[in-house]
């Protein structure tokens, strides 16, 4: 994974970890806060998984692969990372992950055919 992408995901994970450490037994709605933090962690794991997959498939496509397929994968991965940086956990990240997953799967098929 690119260093910049790794750094952004690590910063997001550290931000979530700080939020978790700030929760005490006296925190109002502590349980709800922990549930929300767990969702954020799951989203970050999925983001890491699919952004890594996107980078792998772009590499597999190489210079012989379709430019439009490669550009679609890169654009979808950029959208996911934008959501991570902007802390858009309210459905935008989920939607962008769904798009990235499908684009990566389609690109894998294209890469296999052109190999």
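Numbering (this note's numbering), first residue to last: 154 to 268.
Yeah, the Cβ is synthetic: ideal placement off N, Cα and C, and Gly gets one too.
Tell me the rounded alpha-carbon separation between residue i and residue j.
i	j	result
residue 206	residue 233	13 Å
residue 238	residue 260	25 Å
residue 184	residue 193	14 Å
residue 243	residue 177	24 Å
residue 188	residue 195	11 Å
residue 241	residue 179	27 Å
residue 219	residue 190	39 Å
residue 186	residue 175	10 Å
residue 227	residue 208	8 Å
residue 181	residue 236	27 Å
residue 245	residue 167	21 Å
residue 266	residue 231	25 Å
Looking at residue i and the ligand PLP, is the gap between the Cβ and the nearest heavy atom below 7 Å?
i	result
residue 159	The ligand content of the structure shown is nil, which means the ligand PLP is not present either.
Take residue i and list the residues in its own chain whose beta-carbon comes closer than 7 Å to its own, dropping the five residues that flank it on each side.
i	result
residue 225	256
Drop a sphere of 10 angstroms on the beta-carbon of residue i, count the other beta-carbons inside from all chains shown, and report buried for 16 or more, exposed for fewer.
i	result
residue 155	exposed
residue 264	buried
residue 162	buried
residue 262	exposed
residue 165	buried
residue 210	buried
How about residue i and residue j: do their beta carbons lie closer than 8 Å?
i	j	result
residue 158	residue 222	no
residue 229	residue 253	yes
Segment contact flag, the segment 171 to 183 with the segment 211 to 226, C-beta cutoff 8 Å, min 3 pairs: no
The segment 247 to 260 contacting the segment 189 to 204, beta-carbon criterion three pairs below 8 Å: yes
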